[in-house]
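Novice:
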Amino acid sequence: GAVVSQHPSWVICKSGTSVKIECRSLDFQATTMFWYRQFPKQSLMLMATSNEGSKATYEQGVEKDKFLINHASLTLSTLTVTSAHPEDSSFYICSAWDRGRPQHFGDGTRLSIL
Amino acid sequence: TQLLEQSPQFLSIQEGENLTVYCNSSSVFSSLQWYRQEPGEGPVLLVTVVTGGEVKKLKRLTFQFGDARKDSSLHITAAQPGDTGLYLCAGGEGKLIFGQGTELSVKP
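As given, the protein sequences belong to chains V and B, one line each in that order. Take the first sequence: its position 55, counting from 1, is numbered 58 in the numbering used here, and each next residue is one higher. Take the second sequence: its position 22, counting from 1, is numbered 79 in the numbering used here, and each next residue is one higher.
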C-alpha cells in the first residue's frame, strides 16, 4: 500500500487562485519532506526541503512567497501555490524521508491553471 | 556540485530486446537509488545500492554499482511493454541528486 499520500491528485482552477497540496507520510514519521516539480518526460526538480517544525529551505530560483510550505507535524507537509498563474501549471510531487530509510514519493498533483 | 549524468535520455526498442541505462558522476555517492515512474504517478523505488561493486537483481532487471561508487547501471533483459516508463537514478541520502531520466518505450 501507499507509504506517502498526496492530495489532491488533480486540480484545475482559475488564475489568481491559491491552491493547497497535502503530503502525508502514512507508515513512518518523516523528519524531512521534499517538494518537487516535474515537466513532461523530464526528471524531478527539487523546489524545497521541509523539516518538521522549522522553515523550509528553498532551492535557488524558487520563490518562497509564491510556494508556501508548512511542515507542522512529522506526518504532514503542505505546499500552497499562492495566486497561481498558468505558468505554475505542472506536476508537483512530494516525498517523505527519515534517516535510514529510502525516500518515498507521493503520486503527485497535476495542477492546471486556466 | 554533485551531478548525475544519465543516458540515454530516450530509448525506443522492440519487445524482447535488451537494454542498459547508465548513470555516471565524478562524485562519490554513499548510496544510489533507481526509480521507475509511470505517467501521472510518483516514482516507485526499484532498488538501493550502497556497496561499491554491488550487483542486485530484480527479475529481469540487473543493477550494478561501480567499484568507486561513482556510477551505476540498469540492465533489462528481454524487455516487455510493461517495462515502459521513466527510469530515474538518484544519488545520496535525504536530499537526492537526480539524473535526467530515461524515457523507455517498449513496443510489442
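Every residue gets a Cβ at the ideal spot worked out from N, C-alpha and C, and that includes glycine. Only a predicted model underlies this, so the values are computations on that prediction, with no experimental measurement involved.
Given a cut-off of 7 Å on the beta-carbon distance, is the pair residue 115(V) and residue 15(V) in contact?
Specialist: It is a contact, given that the beta carbons lie within the stated cut-off.
Novice: Given residue 84(B), which residues of its chain have a CB within under 7 Å of its CB, disregarding the five upstream and five downstream residues?
Specialist: The answer, listed in chain order, is 59 and 127.
Novice: Can you name the residues that DSSP bridges to residue 148(B)?
Specialist: Paired residues: 89(B) and 154(B).
Novice: Quick check on this structure: which residue in 35(V), 52(V), 19(V) and 9(V) has the alpha carbon closest to the alpha carbon of residue 67(V)?
Specialist: When each option's Cα is compared against that of residue 67(V), the closest is 52(V).
Novice: Just checking: is the beta-carbon of residue 100(B) within a distance shorter than 7 Å of some beta-carbon in chain V?
Specialist: Chain V contact via Cβ: present.
Novice: Say whether the segment 134-152 of chain B touches the segment 78-89 of chain V, bearing in mind that this needs 3 or more beta-carbon pairs closer than 8 Å, one atom from each stretch.
Specialist: Because the criterion of three Cβ pairs below 8 Å is not met, the segment 134-152 of chain B and the segment 78-89 of chain V do not touch.
Novice: Could you please give me the residues that DSSP links to residue 27(V) through a beta bridge?
Specialist: In DSSP, residue 27(V) forms a bridge with 8(V) and 79(V).
Novice: Any beta carbon of chain B sitting closer than 7 Å to that of residue 11(V)?
Specialist: It does not: the Cβ of residue 11(V) has no partner Cβ on chain B nearer than 7 Å.
Novice: Where do the ends of the beta strand (DSSP E) carrying residue 119(B) lie?
Specialist: Taken as a continuous stretch (DSSP letters only), the beta strand (DSSP E) holding residue 119(B) covers 118-122.
Novice: Please list the partners that residue 108(V) has in chain B, where partner means a Cβ-to-Cβ separation under 7 Å.
Specialist: 99 and 100, listed in chain order.
Novice: With distance defined between alpha-carbon atoms, name the residue in 125(B), 153(B), 97(B) and 132(B) nearest to residue 114(B).
Specialist: Among 125(B), 153(B), 97(B) and 132(B), the Cα nearest to that of residue 114(B) belongs to 132(B).
Novice: Please list, in chain order, all residues of the same chain as residue 165(B) whose beta carbon is under 7 Å from its beta carbon, the five residues on each side excluded.
Specialist: So the qualifying residues of the chain are 72 and 138.
Novice: Taking the beta strand (DSSP E) that residue 65(V) belongs to, which residues open and close that run?
Specialist: No beta strand (DSSP E) holds residue 65(V); DSSP gives it neither H nor E.
Novice: Let me check one thing: in DSSP terms, what residues is residue 128(B) bridge-paired to?
Specialist: Note: residue 128(B) sits in a beta bridge opposite 81(B).
Novice: Pull up the DSSP beta-bridge partners for residue 112(V), would you.
Specialist: According to DSSP, which records beta bridges pairwise, residue 112(V) is partnered with 95(V).
Novice: For the beta strand (DSSP E) that residue 162(B) lies in, which residues bound it at each end?
Specialist: Segment 159-164, the beta strand (DSSP E) holding residue 162(B).
Novice: Please name the residue in 101(B), 106(B) and 82(B) whose C-alpha comes closest to that of residue 88(B).
Specialist: Taking only the C-alpha atoms, the option nearest residue 88(B) is 106(B).
Novice: From residue 28(V) to residue 55(V), what distance separates their C-alpha atoms?
Specialist: Cα-Cα distance, rounded: 12 Å.
Novice: Determine whether the Cβ of residue 111(V) lies closer than 7 Å to any Cβ atom of chain B.
Specialist: Yes, its Cβ sits closer than 7 Å to a Cβ of chain B.
Novice: Is the CB-CB distance between residue 50(V) and residue 38(V) below 7 Å?
Specialist: Taking 7 Å as the Cβ cut-off, residue 50(V) and residue 38(V) qualify as a contacting pair.
Novice: If distances are taken between C-alpha atoms only, which option among 97(V), 21(V), 117(V) and 84(V) comes closest to residue 111(V)?
Specialist: Minimum Cα distance to residue 111(V) is reached at 97(V).
Novice: Quick check on this structure: which residue in 97(B), 140(B), 99(B) and 90(B) has the alpha carbon closest to the alpha carbon of residue 112(B)?
Specialist: With distances taken between Cα atoms, residue 112(B) lies closest to 90(B).
Novice: Starting from the beta carbon of residue 62(B), find every residue of chain V whose beta carbon is closer than 8 Å, and list them in chain order.
Specialist: Simply none; closest approach about 12 Å.
Novice: Ends of the beta strand (DSSP E) at residue 75(B)?
Specialist: Element bounds for residue 75(B): n/a, residue is neither H nor E.
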